[in-house]
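Trainee:
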Amino acid sequence: MDVSFFARDAVAVAADLIGARILVDGVGGLIVETEAYRRDDEASHSYRGPTRANAAMFGPPGHAYIYRSYGLHWCLNAVCEPGSAVLIRALEPTEGLETMVARRRSGAATRRLCAGPGNLCQALAVTGELDGRSLLQPPFSLDPPAGAAGAACGVRIGISKAADRPWRFAVKGSPYLSKPI
DNA sequence: CTATTGATGTTCT
DNA sequence: GAACATCAATAGA
49 MDVSFFARDA VAVAADLIGA RILVDGVGGL IVETEAYRRD DEASHSYRGP
99 TRANAAMFGP PGHAYIYRSY GLHWCLNAVC EPGSAVLIRA LEPTEGLETM
149 VARRRSGAAT RRLCAGPGNL CQALAVTGEL DGRSLLQPPF SLDPPAGAAG
199 AACGVRIGIS KAADRPWRFA VKGSPYLSKP I
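Basically the numbering used here = 1-based index in the first sequence + 48.
The following block contains the structure:
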């Protein structure tokens with residue numbers, strides 16, 4: 049996994065990230081759900097140009113863009129071409145299960161540990177402090193998918209503008225999704 | 001299972 | 001003041 053993987057169109061990266069393994073400080077799992085956001089995309093934070101909070105989206109590819117959602121939750125993205133990124137929405141937990149359970153507030157079942165961007169960041173202890181850091185260096189680690197991943201695509205979730213673009217990717221039938229695809 | 005609601009930081013109008 | 005790439009708790013079918 050190197051920078052050239054990310055320096056492409058966000059939609060292509062989102063599809064190819066399904067099945068990859070992401071760890072933060074040795075805790076994490078396999079990516080089962082992503083969404084792509086592009087520069088010329090009304091639903092994207094980069095649509096209206098750089099601001100203080102979204103600066104990382106215009107930084108180098110392969111770095112993290114982390115933003116606060118609804119004032120309460122953190123969400124993790126992988127930066128692609130300038131102004132575009134892939135939102136990591138759900139993982140299948142594989143490493144550090146006990147650590148994740150301890151970090152999540154209310155006793156969440158394993159299948160819900162990392163189901164949804166806010167939950168995922170809570171389980172992996174991802175916060176704004178990691179915004180702009182490289183995903184290819186500690187505390188992050190990222191490994192390519194092992195074998196054929198079989199990603200299905202669908203419509204993005206939880207947005208009000210440009211909500212009909214089929215830029216959500218997920219492992220069909222996985223029990224670890226924030227919502228079935 | 002679905003529907004509704006409250007919590008709350010950053011940006012924009 | 002309003003919108004928002006969300007979640008958990010609650011009430012009802």
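Glycine included, every Cβ here is placed at the ideal spot set by N, Cα and C.
Nearest to residue 221 by CA position, among 204, 200, 215 and 211, is which residue?
Mentor: Residue 221 sits at position 173 when you count from the first residue of the first sequence. The candidate whose alpha carbon is nearest that of residue 221 is 200.
Trainee: Using the C-alpha atoms, what's the distance from residue 182 back to residue 72?
Mentor: The residue you call residue 72 lines up with position 24 of the first sequence. The residue you call residue 182 lines up with position 134 of the first sequence. Taking the straight line joining both Cα atoms gives about 12 Å.
Trainee: Buried or exposed: residue 185, going by 16 or more other Cβ atoms within 10 Å of its Cβ?
Mentor: Residue mapping note: residue 185 aligns to position 137 of the first sequence, counting from 1. Exposed, because fewer than 16 other Cβ atoms sit within 10 Å of the Cβ of residue 185.
Trainee: Measure the CB-CB distance between residue 190 and residue 70 and report whether it falls below 7 Å.
Mentor: The residue labelled residue 190 in the question sits at position 142 within the first sequence. The residue labelled residue 70 in the question sits at position 22 within the first sequence. Yes, the Cβ-Cβ distance between residue 190 and residue 70 is below 7 Å.
Trainee: Give a yes or no on whether the C-beta atoms belonging to residue 95 and residue 104 are separated by under 7 Å.
Mentor: Residue mapping note: residue 95 aligns to position 47 of the first sequence, counting from 1. Residue mapping note: residue 104 aligns to position 56 of the first sequence, counting from 1. It is not a contact, given that the beta carbons lie outside the stated cut-off.
Trainee: Compute the Euclidean distance between the alpha carbons of residue 178 and residue 187, then round it to the nearest angstrom.
Mentor: Position 130 of the first sequence holds residue 178. Position 139 of the first sequence holds residue 187. Cα to Cα, the separation comes out at about 9 Å.
Trainee: Could you round the C-beta distance between residue 141 and residue 161 to whole angstroms and report it? I think they count as a contact, below 8 Å.
Mentor: Here the question's residue 141 lines up with position 93 in the first sequence. Here the question's residue 161 lines up with position 113 in the first sequence. The pair is a contact, with the Cβ atoms about 5 Å apart (cut-off 8 Å).
Trainee: CB residue 152 to CB residue 171, shorter than 7 Å?
Mentor: Residue 152 sits at position 104 when you count from the first residue of the first sequence. Residue 171 sits at position 123 when you count from the first residue of the first sequence. Contact flag set, yes.
Trainee: State buried or exposed for residue 50, treating a residue as buried only when at least 16 other CB atoms are found within 10 Å of its CB.
Mentor: By 1-based counting over the first sequence, the position of residue 50 is 2. Result: exposed.
Trainee: Using DSSP bridges, identify the partner residues of residue 191.
Mentor: Position 143 of the first sequence, counted from the first residue, corresponds to residue 191. Bridge partners of residue 191: 69.
Trainee: Taking just the CA atoms, how far does residue 121 sit from residue 166?
Mentor: The residue given as residue 166 occupies position 118 in the first sequence. The residue given as residue 121 occupies position 73 in the first sequence. Whole-angstrom Cα-Cα distance: 5 Å.
Trainee: Leaving out five residues on either side along the sequence, give the residues of the same chain with a beta carbon under 8 Å from the beta carbon of residue 195.
Mentor: Residue numbering aside, residue 195 sits at position 147 when the first sequence is read from its first letter. Taken in chain order, the residues that qualify are 67.
Trainee: What number of angstroms, rounded off, separates the C-alpha of residue 129 from the C-alpha of residue 218?
Mentor: Indexing the first sequence from 1 puts residue 129 at position 81. Indexing the first sequence from 1 puts residue 218 at position 170. About 21 Å.
Trainee: What is the DSSP secondary structure of residue 126, counted as helix, strand or coil?
Mentor: Numbered from 1 along the first sequence, position 78 holds the residue referred to as residue 126. Strand at residue 126.
Trainee: Going by DSSP, what residues sit across from residue 121 in a beta bridge?
Mentor: Here residue 121 corresponds to residue number 73 of the first sequence, with the count starting at 1. Per DSSP, 117.
Trainee: Is the distance from the Cβ of residue 83 to the Cβ of residue 209 below 7 Å?
Mentor: Counting from one through the first sequence, the residue named residue 83 turns up at place 35. Counting from one through the first sequence, the residue named residue 209 turns up at place 161. It is not a contact, given that the beta carbons lie outside the stated cut-off.
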